[in-house]
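K.L.:
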Amino acid sequence: MRYKDPFLIPITQISKTKKLRKEEKIQLIENIFQKIIQLTGENEEIIKKIEEIRKIIAKSGIEINIEKEYLKNLKNLKNLKNLNRKFNFSLDEKKSNIFITPYHLSLITSICLIDPESNGEFNTPFYIAEYMAKRAIKYYLTKNKSEEKTEKNKLLRFKFADIASGTGNLIIALLYEIEERIEKEEELENEELIEFISNNIYCYDNNQLALKINELRLLLLIKYSLEEAGLRKINFKTIKTNTLDKEKIKKNNYFDIILINPPFKTYGLRNGQKYSQELKNYLRREYKTAEYKLPLYPLFMERAIELLKKRGVLGVVSPDSFLLGKYYSKIRKYILNNTTIKEITLLDYEPFEKVTLGRTALTFYMKKNEKEKIYSQIITKRIGNYQSFTNKNEIKRYLNDEKKFLNNDRNRFFLFFNEKEEKMVEKWIEKADCKLEDLVTIHTGIRSKIGQKKIISLKKHDENWKKGIISGKQIKPYYLEYKGHWIKVDPSVLWAGGYKKEIIEKPKIFIRQTGDKIIACVDQEGYYHLNNIHSLAPRDETIDLYSLSVILNSKEFNQIYQILSMEKGRNFAQIDIDFLLRMPIINFSNEKKRKLQKFYYLQNDKKKME
Numbered sequence: 001m002r003y004k005d006p007f008l009i010p011i012t013q014i015s016k017t018k019k020l021r022k023e024e025k026i027q028l029i030e031n032i033f034q035k036i037i038q039l040t041g042e043n044e045e046i047i048k049k050i051e052e053i054r055k056i057i058a059k060s061g062i063e064i065n066i067e068k069e070y071l072k073n074l075k076n077l078k079n080l081k082n083l084n085r086k087f088n089f090s091l092d093e094k095k096s097n098i099f100i101t102p103y104h105l106s107l108i109t110s111i112c113l114i115d116p117e118s119n120g121e122f123n124t125p126f127y128i129a130e131y132m133a134k135r136a137i138k139y140y141l142t143k144n145k146s147e148e149k150t151e152k153n154k155l156l157r158f159k160f161a162d163i164a165s166g167t168g169n170l171i172i173a174l175l176y177e178i179e180e181r182i183e184k185e186e187e188l189e190n191e192e193l194i195e196f197i198s199n200n201i202y203c204y205d206n207n208q209l210a211l212k213i214n215e216l217r218l219l220l221l222i223k224y225s226l227e228e229a230g231l232r233k234i235n236f237k238t239i240k241t242n243t244l245d246k247e248k249i250k251k252n253n254y255f256d257i258i259l260i261n262p263p264f265k266t267y268g269l270r271n272g273q274k275y276s277q278e279l280k281n282y283l284r285r286e287y288k289t290a291e292y293k294l295p296l297y298p299l300f301m302e303r304a305i306e307l308l309k310k311r312g313v314l315g316v317v318s319p320d321s322f323l324l325g326k327y328y329s330k331i332r333k334y335i336l337n338n339t340t341i342k343e344i345t346l347l348d349y350e351p352f353e354k355v356t357l358g359r360t361a362l363t364f365y366m367k368k369n370e371k372e373k374i375y376s377q378i379i380t381k382r383i384g385n386y387q388s389f390t391n392k393n394e395i396k397r398y399l400n401d402e403k404k405f406l407n408n409d410r411n412r413f414f415l416f417f418n419e420k421e422e423k424m425v426e427k428w429i430e431k432a433d434c435k436l437e438d439l440v441t442i443h444t445g446i447r448s449k450i451g452q453k454k455i456i457s458l459k460k461h462d463e464n465w466k467k468g469i470i471s472g473k474q475i476k477p478y479y480l481e482y483k484g485h486w487i488k489v490d491p492s493v494l495w496a497g498g499y500k501k502e503i504i505e506k507p508k509i510f511i512r513q514t515g516d517k518i519i520a521c522v523d524q525e526g527y528y529h530l531n532n533i534h535s536l537a538p539r540d541e542t543i544d545l546y547s548l549s550v551i552l553n554s555k556e557f558n559q560i561y562q563i564l565s566m567e568k569g570r571n572f573a574q575i576d577i578d579f580l581l582r583m584p585i586i587n588f589s590n591e592k593k594r595k596l597q598k599f600y601y602l603q604n605d606k607k608k609m610e
């Protein structure tokens, strides 16, 4: 489920059709610039920063034109005029859900120079950035006792960083939280704030436009905080660099708190981004967590942990794929060896605008020495919607024992969110005497090089055409529905795998490839199948497919599968072969198997009569 970012409401309401042309969006940004200049009393430093941003935008081939004749020709001029009429401006980014604020400048990178999504970059919604800042500071202060008596003296000596900062959403939220904490006790002096931002806040990114917007937002935050005070020139520590290049950040720059929303980028997937061979070689050589398709976000996590001081805190916004995925075992091991996990919060909705990334995880870690055998009770939460962030009473928490991860297959982070589910899994594991991989092998289906339609027919053309199942919908619990299709099994037009005769033409179990639960039936006819279906082949003739199919379809097994896999309710959920093979399962006695066989036959007969 997708929830619109409430802090983008002022922007989306400006054009109800949401079809502003790029030039019109640029003009909208220029209107924001003009309002900023007006609100800040035409401050010289702010005007300079805006000019720097304009120049970078101009290099992209887009000129900001504010001539009246040009404005008259804009189709959505009425909507742009509504900007002044319908929404007020504010320098307070916390009010971005009702006002146009500097927060909305974070949209510039997606409008002007690049498509951030092509680089796996997605702006952190303000309310998530705020949550990350509050939790990170809380975890740090809880475990790092200080002789300083005041909150101000504690916080102003810390060093903070975002090593994939973009336009600065996480850092801005962090500064708001620091100000709020300090001002509960005493006033924050003008020079104290400027010195702190100049010396203790580090922002790293390889996008110059994003960094300049970041600097402008920092200036505006200072201006808002200082109210009537003037602004002097500030030397920000906003550094254009490739953070993953280990030579680019000085070794003595270690931080107390790092917050990151790293790029969700993977080179080897379909429609994925391309890496140079030189970069791939470098990442595999320099990073302990590099594996398989080289997703970047685990590497950023490793790099951030490296850059933390001992007992420093890392907060990460990322996909949840690293929690269980087969090819994320290295980052899990690295996390367990080098940190104690403080919190894992899952978002059961899509928080990013106009993109579906799967489930998002908000995680917090505290660095330890690799030799330290310190493990914690991890706070786990699931948040169902944006409103839950504002109503803390709705967020239920549960404690998980981090030490148990050490004994899990591939160090998988199996998470529980309530006692009932944890007890249910423990009970199942106690009864289980083997894993599914002890009984079967799992195989994916046929993949065409020439397009799926060209290898499917309702008639047999020659000896290469075999009876086949072409849709997961034909797989029903206890019943296989053959619809008369034939599949062309010619290796010259197929990708490797999925059509081995010695597997396909023997008795097997079919399961659907998509879905958040297992749907299984037995195939005794030797049907071939496409890759939207998996087939389970018995390891030997003693394996009873009918009783096993009943177990796989059972409510109890699927409850355990959904708890451990966390696939329930996920957008575009799929059955992970490696994960399923390692599921604990009960290998019943022969007498029990016969009863399960009878149950299968009974259910199969019922399906035939429907």
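So for the sequence shown, the UniProt record's numbering puts the first residue at 1; every next one is plus one. Beta carbons: idealized from backbone N, C-alpha and C, even for Gly. Nothing here was measured: the structure is a model prediction, and the numbers come from that model.
1) My output table needs one value for A136: the three-state DSSP class, helix, strand or coil.
2) Assuming contact is defined by CB atoms lying nearer than 8 Å, are I586 and D348 in contact in what I supplied?
3) Mind pulling the beta strand (DSSP E) runs of 3 or more residues that sit fully within the stretch 407-468?
4) Buried or exposed: where does P491 fall if 16 or more other Cβ atoms within 10 Å of its Cβ makes it buried?
5) Within a Cβ cutoff of 8 Å, which residues of the same chain sit near D401, ignoring the five residues on either side of it in sequence?
6) Three-state secondary structure (DSSP) at I563?
7) Where in the stretch 306-340 do unbroken runs of the alpha helix (DSSP H), each at least 4 residues long, occur, reported from the N-terminal end onward?
8) With a threshold of 16 other CB atoms inside 10 Å of the CB of M566, please say whether the residue is buried or exposed.
9) Assign S106 to buried or exposed, taking buried as 16 or more other Cβ atoms, counted over all protein chains shown, within 10 Å of its Cβ.
10) What does the alpha-carbon distance come out to for the pair P6 and R382?
11) Decide if G484 is buried, meaning its Cβ has at least 16 other Cβ atoms within 10 Å, or exposed.
12) Please report the distance separating the alpha-carbon of L113 from that of I197.
13) Bridge partners of H534, per DSSP?
14) Taking all protein chains shown into account, do 16 or more other C-beta atoms lie within 10 angstroms of the C-beta of W465, making it buried, or fewer, making it exposed?
15) Compute the Euclidean distance between the alpha carbons of E185 and K59, then round it to the nearest angstrom.
16) Given G325, which residues of its chain have a CB within under 7 Å of its CB, disregarding the five upstream and five downstream residues?
17) Would R303 and T340 qualify as a contact pair, given that the criterion is a beta-carbon distance under 8 Å?
18) Whose C-beta lies closer than 8 Å to the C-beta of L307 among residues of the same chain, with five residues either side of it excluded?
19) CB H443 to CB G526, shorter than 8 Å?
20) From this set, K500, N604, H534 and K517, which residue's C-alpha is nearest S547's C-alpha?
21) Is L494 helix, strand or coil when you go by DSSP?
22) What does the alpha-carbon distance come out to for the pair T289 and I331?
23) For H534 and V425, I'd like the C-alpha separation in whole angstroms.
24) Take the Cβ of K154 as the centre, count every other Cβ of all protein chains shown within 10 Å, and call the residue buried at 16 or more, exposed below.
25) Do you know offhand how far E278's Cα is from L439's?
26) Taking contact to mean 3 or more Cβ pairs, one atom from each stretch, closer than 8 Å, check whether the stretch 568-576 and the stretch 472-483 are in contact.
27) Roughly how many whole angstroms lie between the Cα atoms of F413 and F264?
28) What residue from G358, L362, Y282 and T241 has the CA that sits closest to M301's CA?
29) According to DSSP, what are the bridge partners of Q377?
30) I'd like to know whether the C-beta atoms of G166 and L218 end up nearer to each other than 8 Å.
31) Write down the C-beta distance between I450 and V493 rounded to the nearest angstrom, noting that I regard them as a contact closer than 8 Å.
32) Can you name, in chain order, every residue of its own chain whose Cβ lies under 7 Å from the Cβ of K459, other than the five neighbours on each side?
33) Let's test the definition: count the other Cβ atoms within 10 Å of the Cβ of I395 and tell me whether it reaches 16, buried, or not, exposed.
34) How about L336 and N411: do their beta carbons lie closer than 8 Å?
35) For R397, which residues from the same chain have a beta carbon less than 8 Å from its beta carbon, with the 5 sequence-adjacent residues on both sides left out?
P.N.:
Taking the definition as stated:
1) Residue state, collapsed to three classes: helix.
2) no
3) 440-443
4) Within a 10 Å sphere around the beta-carbon of P491 sit fewer than 16 other beta-carbons, which makes this residue exposed.
5) Y375, Q377 and I378
6) helix
7) Runs of alpha helix (DSSP H) with 4 or more residues, each lying fully within the stretch 306-340, are found at 329-338, listed in chain order.
8) buried
9) buried
10) 20 Å
11) exposed
12) At L113, the pLDDT of 47 sits below 50, so the modelled position is not reliable; the number obtained from the coordinates is stated separately. For L113 and I197, the distance between alpha carbons rounds to 27 Å.
13) I511
14) buried
15) 47 Å
16) none
17) no
18) A161, I163, I249, N253, Y254, F255 and I258
19) Not a contact, by the Cβ cut-off of 8 Å.
20) N604
21) In this structure, L494 counts as strand in the three-state DSSP scheme.
22) 5 Å
23) 25 Å
24) buried
25) 43 Å
26) no
27) 20 Å
28) L362
29) D401
30) no
31) For I450 against V493, the beta-carbon gap comes to about 5 Å, under 8 Å, which counts as contact.
32) W486
33) Of the residues assessed, I395 falls on the exposed side of the cut-off, its CB having fewer than 16 other CB atoms within 10 angstroms.
34) For L336 and N411, yes; Cβs fall inside 8 Å.
35) I379, T380 and K381
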